[in-house]
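**Q** Below: one structure in structure tokens.
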Amino acid sequence: MPRVLVAGGGLAGLAAATALAQSGCDVELAEARPFLGGRASSYPHQDETIDNCQHVLLRCCVNLLDLYARLGVADKVRFYREFFFIEPGGRMSVMKAGVLPAPLHFTGSFARLRFLGLADKAAIARAMLAIRRGTAPRTTMGEWLRGMRQTARAVSRFWGPVLVSAINEDLDRMAAEHGFQVFREGFLAGSGAHEMGVPAVPLSDLYARAPGVRIHYRTTATGVIEDSGRAAAVDCSGIPLAADAFVLAVPFERAGALVPGLRFDGWEHSPITGVHLWFDRPVTSLPHAALLDRTIQWFFNKSEGRYLQLVISASRSVLDTPRAEIIRMAVDELAEFLPVVRGVQVVKAHVVKEVRATFSAVPGLVRPGCESRWPNVFLAGDWTNSGWPATMEGAVRSGYIAAEAVSRYLGRPARFLK
Ligand SMILES: Cc1cc2nc3c(=O)[nH]c(=O)nc-3n(C[C@H](O)[C@H](O)[C@H](O)COP(=O)(O)OP(=O)(O)OC[C@H]3O[C@@H](n4cnc5c(N)ncnc54)[C@H](O)[C@@H]3O)c2cc1C
Numbered sequence: 033m034p035r036v037l038v039a040g041g042g043l044a045g046l047a048a049a050t051a052l053a054q055s056g057c058d059v060e061l062a063e064a065r066p067f068l069g070g071r072a073s074s075y076p077h078q079d080e081t082i083d084n085c086q087h088v089l090l091r092c093c094v095n096l097l098d099l100y101a102r103l104g105v106a107d108k109v110r111f112y113r114e115f116f117f118i119e120p121g122g123r124m125s126v127m128k129a130g131v132l133p134a135p136l137h138f139t140g141s142f143a144r145l146r147f148l149g150l151a152d153k154a155a156i157a158r159a160m161l162a163i164r165r166g167t168a169p170r171t172t173m174g175e176w177l178r179g180m181r182q183t184a185r186a187v188s189r190f191w192g193p194v195l196v197s198a199i200n201e202d203l204d205r206m207a208a209e210h211g212f213q214v215f216r217e218g219f220l221a222g223s224g225a226h227e228m229g230v231p232a233v234p235l236s237d238l239y240a241r242a243p244g245v246r247i248h249y250r251t252t253a254t255g256v257i258e259d260s261g262r263a264a265a266v267d268c269s270g271i272p273l274a275a276d277a278f279v280l281a282v283p284f285e286r287a288g289a290l291v292p293g294l295r296f297d298g299w300e301h302s303p304i305t306g307v308h309l310w311f312d313r314p315v316t317s318l319p320h321a322a323l324l325d326r327t328i329q330w331f332f333n334k335s336e337g338r339y340l341q342l343v344i345s346a347s348r349s350v351l352d353t354p355r356a357e358i359i360r361m362a363v364d365e366l367a368e369f370l371p372v373v374r375g376v377q378v379v380k381a382h383v384v385k386e387v388r389a390t391f392s393a394v395p396g397l398v399r400p401g402c403e404s405r406w407p408n409v410f411l412a413g414d415w416t417n418s419g420w421p422a423t424m425e426g427a428v429r430s431g432y433i434a435a436e437a438v439s440r441y442l443g444r445p446a447r448f449l450k
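Residues in the sequence shown are numbered from 33 upward in steps of one, following the numbering used here.
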């Protein structure tokens with residue numbers, strides 16, 4: 033049985049390891065931390081387990097869903113068909129698929145959105161047609177939207193809320209190709225592709241088992257040991273772990289140290305800030321909502337309306353803000369959307385600033401493929417050229433792409449990518 037070593041137990045490493053183990057390889061996984069899941073994981077906070085930040089997916093994330101099926105946890109994700117938008121003051125609009133076939137399935141609810149005027153909607157419809165028909169330009173999404181003469185309100189209340197959270201980057205930094213992809217694959221594709229999946233359990237519960245994979249926790253890959261032009265082993269916390277093939281599935285800022293010559297000149301991170309708020313009584317019955325015109329962009333109802341997780345994507349503006357001030361701002365803003373918040377007690381609050389949440393998806397970034405300088409070492413991670421932005425789906429795609437390359441190298445080609 034061919035032996036494979038995977039370094040890194042985030043979604044990319046887990047996807048590669050699980051797929052290879054299920055196709056008959058003997059797989060070991062070295063993970064630096066004492067848990068799996070990487071950036072999409074949970075940790076104990078006081079008396080409960082909380083996610084480092086809310087993670088959501090769309091039904092079009094078919095590879096991530098395939099991995100959940102392999103891990104036996106596909107039923108732990110709850111899908112929602114409706115997107116709720118709330119304006120300051122509390123007025124709510126709902127976007128959902130209607131009876132028309134794709135790509136017209138949102139037409140009815142889009143026409144009824146109350147936070148946009150007629151001119152905004154006409155401009156959005158025009159741009160959506162161009163996205164459907166055209167090729168993405170090599171500019172930022174913001175520049176493209178200006179060229180499409182979008183109204184200020186269409187940008188701040190529609191394009192921004194959808195895309196900044198999907199790509200984790202500001203419209204004026206985000207490559208237009210990613211913006212096009214979100215709408216093509218999520219919102220213009222077959223009805224159902226847009227449905228939003230929210231894990232119904234802490235993220236760490238999704239990776240409780242990786243069938244057939246031997247996991248070494250607290251084990252850090254520090255270098256590749258070469259023999260006759262191939263990798264013979266990877267040094268893992270001082271112990272050389274030998275294998276026939278290797279997958280390095282570590283974040284890009286770590287990959288450069290393991291693979292000489294792999295360079296990330298000009299690459300930057302884009303941060304995400306999560307604010308966890310616990311109230312003494314329920315403040316909403318909605319499962320989630322996009323919040324318009326303020327710093328906080330989304331809330332997710334984590335437990336009966338008493339525990340909400342608020343998300344700020346591309347959160348550079350609050351990185352230097354003290355946590356206590358972020359909590360004050362978050363509660364004040366939330367009260368504008370959910371007036372009931374004014375009369376309740378915040379019993380607990382917690383802020384997570386993920387400074388290195390994702391790479392910044394600017395135009396012209398050249399993402400490496402899965403090959404490395406060694407014929408039997410392959411790269412995976414949301415930063416590799418997976419065809420998707422830095423997301424859980426992108427990470428799993430990269431893991432499957434690397435696993436397919438390993439299989440080819442081992443002379444037993446297999447197909448994992450959906
Ligand atoms: C706050 C936040 C919110 C997000 N929200 C969403 C969302 O809603 N939807 C979505 O799709 N995506 C979201 N993302 C992005 C998503 O989490 C990532 O794209 C994805 O999890 C990346 O997976 P990965 O396996 O490529 O990398 P990672 O998750 O970073 O995994 C790499 C693993 O390698 C380990 N490691 C590092 N160095 C070594 C070493 N030398 N040896 C061994 N192990 C090592 C790390 O400990 C880690 O476990 C979010 C990210 C963040 C931070």
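All C-beta atoms, glycine included, are put in the ideal place defined by N, C-alpha and C. Computed from a predicted structure; not experimentally measured.
At a threshold of 8 Å, does ASP414 count as lining ligand 1 (C-beta to nearest heavy atom)?
**A** For ASP414, the shortest C-beta to heavy atom distance toward ligand 1 is below 8 Å.
**Q** Could you tell me the distance, in whole angstroms, from the CA atom of ARG205 to the CA atom of THR172?
**A** C-alpha of ARG205 to C-alpha of THR172: approximately 6 Å in a straight line.
**Q** State the DSSP-derived secondary structure class of VAL394, mapped to helix, strand or coil.
**A** coil
**Q** Rounded to whole angstroms, what's the CA-CA distance from THR305 to ILE359? Just pull it up for me.
**A** 11 Å
**Q** Taking the alpha-carbon positions, what's the GLY224 to GLY140 distance?
**A** 16 Å
**Q** Which class does THR81 belong to by DSSP, given the choice of helix, strand or coil?
**A** strand
**Q** Under the DSSP definition of a beta bridge, which residues are partnered with LEU89?
**A** GLY229
**Q** Ignoring anything shorter than 3 residues or poking outside the segment 379-436, list the beta strand (DSSP E) runs there in chain order.
**A** 409-411
**Q** Can you name, in chain order, every residue of its own chain whose Cβ lies under 7 Å from the Cβ of ARG181, other than the five neighbours on each side?
**A** ALA155
**Q** Going by C-alpha distance, which of ARG388, SER317, ALA242 is nearest CYS85?
**A** ARG388
**Q** Quick test of the definition: if touching needs 3 or more C-beta pairs under 8 Å, does the segment 306-321 touch the segment 50-65?
**A** With the rule of 3 Cβ pairs closer than 8 Å, the segment 306-321 does not count as touching the segment 50-65.
**Q** Would you mind sorting GLY166 into buried or exposed? The rule is 16 or more other CB atoms within 10 Å of its CB.
**A** Exposed is the call here.
**Q** Going by DSSP in three states, ALA264 sits in which element: helix, strand or coil?
**A** strand
**Q** Express the C-alpha separation of ALA39 and LEU97 in angstroms, rounding to a whole number.
**A** The straight-line gap from Cα to Cα measures roughly 22 Å.
**Q** How about ALA129 and ARG113: do their beta carbons lie closer than 9 Å?
**A** yes
**Q** Mind checking GLY179: buried by the 16 CB within 10 Å criterion, or exposed?
**A** exposed
**Q** Flag this pair as touching only if the segment 72-84 and the segment 255-271 have three or more C-beta atom pairs under 8 Å; answer yes or no.
**A** Between the segment 72-84 and the segment 255-271, the count of Cβ pairs shorter than 8 Å is below three; the stretches do not touch.
**Q** Note down the Cα distance separating THR390 from TRP415, rounded to an integer number of angstroms.
**A** In a straight line, the C-alpha of THR390 is about 8 Å away from that of TRP415.
**Q** Can you have a look at VAL398 and say buried or exposed, based on whether 16 or more other CB atoms are within 10 angstroms of its CB?
**A** Around the beta-carbon of VAL398, fewer than 16 other beta-carbon atoms lie within 10 Å, marking it exposed.
**Q** Buried or exposed for ASP202, please, with buried defined as at least 16 other CB atoms from any protein chain shown within 10 angstroms of its CB.
**A** Counting Cβ neighbours within 10 Å, ASP202 comes out buried, since at least 16 surround it.
**Q** So, for SER404: in the same chain, excluding its five sequence neighbours on each side, which residues have a beta-carbon less than 6 Å away from its beta-carbon?
**A** VAL291, LEU411
**Q** Which residue or residues does DSSP assign as beta-bridge partners of GLY255?
**A** ASP267
**Q** Can you tell me the Cα-Cα spacing of GLY375 and ALA437, whole angstroms?
**A** 57 Å
**Q** Please name the residue in ALA208, ASP276, HIS87 whose C-alpha comes closest to that of ILE344.
**A** HIS87
**Q** Please report the straight-line C-alpha distance between ALA362 and LEU136, rounded to a whole angstrom.
**A** 36 Å
**Q** Taking the Cβ atom as the reference point for each residue, do PRO303 and LEU340 lie within a distance shorter than 9 Å?
**A** no
**Q** Assign ALA277 to one of two classes, buried (16 or more other C-beta atoms within 10 Å of its C-beta) or exposed (fewer than that).
**A** buried
**Q** Could you tell me if the beta carbon of THR451 falls within a distance shorter than 8 Å of some heavy atom in ligand 1?
**A** Shown here, the chain extends from 33 to 450; a query on residue 451 therefore has no answer.
**Q** Using the Cα positions of ALA184 and TYR432, report the straight-line distance between them to the nearest angstrom.
**A** 40 Å
**Q** Could you spell out where the beta strand (DSSP E) holding THR305 opens and where it closes?
**A** 301-311
**Q** Have a look at the DSSP bridge pairing and note the partners of ILE199.
**A** According to DSSP, ILE199 bridges with nothing at all.
**Q** Counting C-beta neighbours from all protein chains within 10 Å, is the total for THR423 16 or more, i.e. buried, or is it exposed?
**A** buried
**Q** With DSSP as the reference, please indicate the residues paired to TRP330 in a beta bridge.
**A** ALA322, VAL343
**Q** Is the beta carbon of ILE304 within less than 8 Å of some heavy atom of ligand 1?
**A** yes
**Q** May I ask whether a heavy atom of ligand 1 can be found less than 8 Å away from the beta carbon of VAL196?
**A** no
**Q** Out of curiosity, what's the CA-to-CA distance linking THR251 and ARG286?
**A** Between THR251 and ARG286, the C-alpha separation is close to 14 Å.
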